[in-house]
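>
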Amino acid sequence: MKAFDFSIEEGIANLCFDLEYTSVNILSFDVLRSLDKKLDELKEIEGVKLLKFTSAKEGIFIAGADISDIQGLKDEQRAYELVREGQRILSKISTLPFPTLVVINGACLGGGFELALCCDYRLVTQSPKTKIGLPEVNLGILPGFGGTQRLKRLTGLSKALELILAGKILNGKKAEKLGLVDACVPQGYLEFKEKSFIEQILKSPVRKKKRVGSLLDQYLPKLVFYYARKKVMQKTKGKYPAALAILDLFEKTQDKDVNASLEDEARAFSKLSITQTSKNLIGLFYSAEALKKEKGVKRKVNPISINIISVVGGGVMGSGIVFLFSKIDKLVRMKLRRYTQAGEAINSILKVYKGFIKRHRLTKNEVENKLAHISYTTGFNGFSQVELSIEAIVENQEAKQELYSELEKVMDNKAIIASNTSSLSISILSEKMRHPERFIGMHFFNPVARMPLVEIIPGKKTSDKTIVTAVALAKEAGRTPIVVGDCAGFLVNRILIPYINESIRMFEEGEDFEKIDKLISDFGMPMGPFVLADEVGLDVGYKVSKVLEDTYGQRMKISGILDKVYHQMQLLGKKAGKGFYLHKGQKREVNEEVKALVFSKRSFDEKEIIDRAILIMVNEAALCLEESIVANAQYLDMAMVMGTGFPPFRGGLLKYADSLGIQSVVVSLQSLSQQQGERFEPAKLLLDMAKNGETFYKEG
Amino acid sequence: MKERIAIIDGLRTPIAKAGGKLKEYQAEKLGAFIVQELVLRVGIAFKDYDEVIMGNVSQPGHAANVARVIALQAGFPDKTIAYTVHRNCASGMESITSAASKILAGDGEIFLSGGVESMSNVPLMYGEQMTELFAALFIAKSISEKLYTLTQFRPRYLKPIIGLMQGLKDPVSGLMMGSTAEILAQDFGISRKEQDEFALMSHKKAEDSIKAGVFKDEIAPIVYAHSKVMEADDGVRFGQNMEALGKLRPFFDRKNGTVTAGNSSQISDAAAAVVLMSEKKAKAMGLEPLGYLSHFAYAGLDPKRMGMGPAFATAKLFQKHRLHLKDIDLIEMNEAFAVQALANIRAFESDSYAKEHLNRTKALGCIDESILNVNGGAVAMGHPVGMTGTRLVIHTLKELRRRGKNRGLATLCIGGGQGASLILEVE
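Sequence order for the protein chains is A and L. Residues in the first sequence are numbered consecutively from 1, following the numbering used here. Residues in the second sequence are numbered consecutively from 701, following the numbering used here.
(1) Following a CB-centred definition, is V492/A positioned closer than 6 Å to any heavy atom of the ligand GTP?
(2) Quick one, which of M701/L, K721/L, I861/L, Q736/L has its alpha-carbon nearest G710/L's?
(3) Please report the straight-line C-alpha distance between S127/A and L163/A, rounded to a whole angstrom.
(4) If you draw a straight line from the C-alpha of R1134/L to the C-alpha of P823/L, how long is it?
(5) What in chain A is Cβ-close to H995/L, meaning under 9 Å?
(6) Have a look at K955/L and R949/L and give me their C-alpha separation to the nearest angstrom.
(7) Which one of G573/A, I274/A, G146/A, Q341/A has the shortest CA to CA distance from S68/A?
(8) Compute the Euclidean distance between the alpha carbons of A906/L and K575/A, then round it to the nearest angstrom.
(9) Please identify the residue among M556/A, G524/A, D539/A whose C-alpha is closest to the C-alpha of Y499/A.
(10) Go ahead and pull the three-state DSSP assignment for D807/L.
(11) Enumerate in chain order the residues of its own chain whose CB-to-CB distance from I198/A is below 8 Å, with the five nearest sequence positions on each side excluded.
(12) May I have a chain-ordered list of the beta strand (DSSP E) segments no shorter than 3 residues that lie completely inside the stretch 1018-1065 of chain L?
(13) First and last residue of the alpha helix (DSSP H) that includes N730/A?
(14) Three-state secondary structure (DSSP) at F6/A?
(15) In its own chain, which residues sit with a C-beta less than 8 Å from the C-beta of D329/A, not counting the 5 before and 5 after it?
(16) Among E1032/L, F1048/L, A1038/L, which residue has its Cα nearest to the Cα of H1024/L?
(17) With a cut-off of 8 Å on the beta carbons, I'd call L730/L and D969/L a contact; round off their distance for me.
(18) List, in order along the chain, the chain A residues whose C-beta lies closer than 7 Å to that of R741/L?
(19) For G775/L, would you say it is in contact with chain D, using Cβ-to-Cβ distances shorter than 7 Å as the test?
(20) Assess, as a yes-or-no matter, whether the stretch 1080-1089 of chain L is touched by the stretch 785-799 of chain L under the definition of 3 or more beta carbon pairs within less than 8 Å.
(21) Taking Cβ-Cβ distances shorter than 7 Å, what residues in chain L pair up with T340/A?
(22) Which residue marks the beginning of the beta strand (DSSP E) containing D969/L, and which one marks its end?
(23) Counting C-beta neighbours from all protein chains within 10 Å, is the total for P481/A 16 or more, i.e. buried, or is it exposed?
(24) May I ask you to list the residues that DSSP assigns as paired with T1111/L?
(25) When we look at the beta-carbon of I662/A and count the other beta-carbons within 10 Å, is it buried (16 or more) or exposed?
(26) Would you give the residue range spanned by the alpha helix (DSSP H) that A675/L belongs to?
(27) Hey, out of M642/A, V667/A, L653/A, whose CA is closest to F444/A's CA?
(28) Note down the Cα distance separating V258/A from P99/A, rounded to an integer number of angstroms.
(29) If contact means a Cβ-Cβ distance below 7 Å, which residues of the stretch 323-347 of chain A contact chain L?
(30) Select from the stretch 346-369 of chain A all residues with a C-beta closer than 8 Å to any C-beta belonging to chain L, and list them in chain order.
(31) Tell me where the alpha helix (DSSP H) around M789/L begins and ends.
(32) Please classify C487/A: does DSSP put it in a helix, a strand, or coil?
(33) Could you tell me how far apart the beta carbons of V757/L and S801/L are, in whole angstroms, since I believe they sit closer than 8 Å?
(34) Is K460/A helix, strand or coil by DSSP?
(35) If you follow the beta strand (DSSP E) that M334/A is part of, which residue opens it and which one closes it?
(36) On the three-state DSSP scale, how would you describe T695/A?
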């Protein structure tokens, strides 16, 4: 295997990474070992004045370590030895008898940046592809090749902690500002800037400004650790060991020199590398990478390029979708019932943009240009040029069908019509259309500005062209599209609603709902089912549940309490201030009126509550796989993580089932089904898997 | 003209009083809004347009060549060329006639023309002395030199030059536009009362037309203050009366003057746009145009009497194309000032004025006031200078259609001593 080219010209040695048979450089152990050999040779060569590291790959320096190397780690001692070897090899760079320079024009992440940190000088470009950072924490590990130590010495303690704990990825300019690199030049100037930079180094070593961090870093590191730990606990609830391990490591090595600290780093790394959390996060990473490559259909079909989009409906979803597409500079035309709705929608969109300006993610000028691309109408004028229209009106089949027939009158025959329905069948919605092949479901999640998932739902007659176009457009908007089958509730809601139903049922049977919420959020869900129901809106939740009950019958029967809360007490949830909880601003307290609906009190044990809430989802998920609602268990898990916030450290819903053991899941479901009824009857897929000793995931 | 130019459709924003509802929209934003709306409604793809031409008077410093900024913000692709035209108050007509000339010359087929003005956003400027001080500070080398320069500062240097006032001043004669109107009042002996009566009629006609929904098919509602919606011109005073008008003090000649804020056009913000192509092209594309531009003329005259522009330009136009006032079914004459419109009415019907000034043996003709500014004019609705020309074209055509008539005259006076007249037809 060839990992790089090597040449020497006028005393300048150039080690140019160019991994064979791939478009990406990665720092696998094989690459490291051949680097090791080359570094040893270099020491013997006479007349080398400087060594520079470059890359021959477009837009990439080194994307990181080989994740499959890490995924394969099972034994702590073996992991320790490997990472020590890596540290030893990279450390060699810093002991070379001549200056070293790394030229970064593309992604330089994780292990790649740890290599760069070993060099004397770092030169980067302003190219948008230049990305610098140590994102290891996202995979449940920490930088193990000296990154924690060497970064700290460049930026000071608190910045290093901030960057590593959040796994932040910086552009060239920001990296220069924080002192991660020595210079950041425009990409087009790189050639001669590099030359003059080298000349300068060779003339006299460039003196560097010594950065020791803030005053707090120097005099009160304890305080820095205290606040960092507090923030980590707030964010992770202690569920992610890597963040805590990083803090511990920094604390432990605070007064040690680099060499002694490296050993601690390697120990900490090896402990993390074999945790199930890390394996789970890596699994999700692979699923995400696989999803990025998905086009929506197997056949090779090119998507239609979409530049003018209309959004029908000015509610929360409608304006969220308008925001999303205006952000990627599409012309977006809103169709509303009244012009005042346009005012409201634009106001809410502006609020989201203001956040972007505040965080320096967009400039005021950019936002103004994006806003200028939004137009509005109460009629169907201006639709003849619209290439894709997204309907986001009330969940009412007749109203939607009527709208589509209007849209078909004014839109081009080839233009796509998409529905943001969360529960109605795409095939049925398109029944009366003249061109059902151009119709598809694009189900966005609320709040659209933040939720990464889009369910793409082809109907029976939807054309491949329509599918690939919807998938490509969602990706262009920075979202993760997952193609799912056309069943009631599609994928995410179909699995989620039984969980909410079951939780309400436990409340109906006498359990305190705030206790259920607490246990479920301890399990790792971002919020408990009752808080979620209030957030979504009890009206919306009820309507979706109703559609599901109508389709799936007894299995999804709406609990009598929800019926009472919504119909008799007419509670709507957070938006009206009252639901299962009373909401005052960000605070909430239990709504005793709702609690009074249940007379008897009964307490379940923790395991029973979790099993009833989560295993009912596992069972439904298995049914979805059986019915091929989604391509595979990995995508299903990604959908649940992105669509519901199912805890990533658990690797996904079905990964969780794997961790319990399918056999044990089946046993629990069977016993629940005897106590609670048929809704827990294990899916055939689960029974078969249990019999054959299979798991949803092949390994890890 | 060799061939008529088809005006496929036109659209405008409501006209807002300056410093009011649309003040948050800089000129390019107003322009982009209306241009995007029109292009989407007309249905010809952005990429199919050859050029965008916009008229604008107080061209914003932050958006030089505002037409290009408008084009890009509205959604035109990078390849679409665009330029800005300036013929003072006729800028919004100049954009249309420039496009017409280009079409006839074979220099492009499909054009987007319009006019835009944000009089709310005309900047204040530092005076000469302050500007010099800044320059001196800039070149001062040492701190002490800078400090010394600063000691030269006097508070009166901060008195701003109001860009808007500067823009409304004729640079050659040094007269404010309102003062040129006072000269017309003297030339023709037009009293304050006559002017106020004319102003009152303008408001009344506009009020009735708004109530009848006449402007609905030319106005695109626009969101302002981030959540409110403006659907109609807000300068029109419902229930305006002579008493209220009579209370206002003359603005330009405080002692003897007759021209007040009440009988002058208002300063305002708005944008308008039209889509243009040759009649042949429109036929080939199977389009049914709103109407046609068949002839136009610009004329020059004494800058001190710039208000007479309509008489001069119309005379030139009639002469050249052998037209008569009786051939005209509808007249839209911009009301820069009530007195200016009245003076033109007098001049049109005067044989002696025709002989003396218009190089004609006989008068242009007596204007039938029942076909003049039938839905009110700039005194009531406002005069966003760069936009008005386009508005007159759109409104004339839409009103001709409403009346089932064929031929209209849109004419306006131009600061600096010019006039513009356009013949518009619907069949």
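The beta carbon of each residue, even a glycine, is placed where N, CA and C say it ideally should be.
The relevant details are as follows:
(1) In the structure shown, the ligand GTP is absent, as is every other ligand, since no ligand is present at all.
(2) Q736/L
(3) 21 Å
(4) In the structure displayed, chain L extends from 701 to 1127; residue 1134/L sits before or after that span and is not available.
(5) Per Cβ cutoff of 9 Å: no residues; H995/L is ~31 Å from chain A at best.
(6) Whole-angstrom Cα-Cα distance: 9 Å.
(7) I274/A
(8) Their Cα atoms are separated by approximately 44 Å.
(9) Closest option to Y499/A, Cα to Cα, is M556/A.
(10) coil
(11) I12, L50, K52, L101
(12) 1030-1033
(13) Outside the shown range of chain A (1 to 700) lies residue 730/A, about which nothing can therefore be said.
(14) strand
(15) N369, K370, H373
(16) Of the residues E1032/L, F1048/L, A1038/L, the one whose Cα lies closest to the Cα of H1024/L is F1048/L.
(17) 7 Å
(18) The answer, in chain order, is N381, G382.
(19) The structure shown contains no chain D; its protein chains are A and L.
(20) yes
(21) V929
(22) Where D969/L is concerned, the enclosing beta strand (DSSP E) stretches over 968-978.
(23) buried
(24) The partner list for T1111/L (beta bridge, DSSP) reads M1033/L, S1121/L.
(25) buried
(26) Past the edges of chain L, shown from 701 to 1127, lies residue 675/L, and the structure says nothing about it.
(27) M642/A
(28) 19 Å
(29) L331, R333, Y339, T340, A342, G343, E344, I346, N347
(30) I346, N347, L350, E368, N369
(31) The residue you asked about is not Met; residue 789/L is Cys in the sequence shown. No alpha helix (DSSP H) contains C789/L, which DSSP labels as neither H nor E.
(32) coil
(33) Between S801/L and V757/L the Cβ distance is about 21 Å, and since that is not below 8 Å, they are no contact.
(34) DSSP places K460/A outside both helix and strand once states are collapsed to three, so it counts as coil.
(35) 331-335
(36) coil
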